[in-house]
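These notes are about the structure you will find just below.
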Amino acid sequence: MQTRVSIQPEINPNALGFYITKPQLAERLQVSLRSIDNYLKKKKIPVIRLGKSVRFRFSDVEKALERYTVREVR
Numbered sequence: 019m020q021t022r023v024s025i026q027p028e029i030n031p032n033a034l035g036f037y038i039t040k041p042q043l044a045e046r047l048q049v050s051l052r053s054i055d056n057y058l059k060k061k062k063i064p065v066i067r068l069g070k071s072v073r074f075r076f077s078d079v080e081k082a083l084e085r086y087t088v089r090e091v092r
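See the structure below:
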């Protein structure tokens with residue numbers, strides 16, 4: 019009996035048109051889902067709503083969060 023091996027192409031999460039879910043975003047940012055909800059409520063991050071589905075373009079979220087980054091000047 020032959021075994022089939024499925025090879026998934028590597029996905030570039032920063033590619034244009036690549037959208038991630040709320041749990042995936044929370045994992046990438048290393049924050050809780052509640053934090054993501056708070057960011058959305060305060061309109062700190064851009065979101066794409068498709069009916070009840072919520073998606074994010076990670077590159078857009080990174081750019082948006084840079085505004086809230088505190089940089090130490092020495």
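Numbering (the working numbering), first residue to last: 19 to 92.
Even glycine gets a Cβ: it sits at the ideal position worked out from N, Cα and C.
Note that this is a predicted model, so its numbers are computed, not measured.
Problem - Continuous alpha helix (DSSP H) stretch holding S77: start and end - result: 76 to 84
Exercise for the section: Please report the Cβ distance between T39 and R73, rounded to the nearest whole angstrom; I am assuming they are in contact, meaning their Cβ atoms lie under 8 Å. Expected result: 7 Å
Problem - CA-to-CA distance, R92 to K61, given in whole angstroms - result: 31 Å
Handout entry: Buried or exposed by the 16-neighbour rule on C-beta atoms within 10 Å, applied to Y86
Key = exposed
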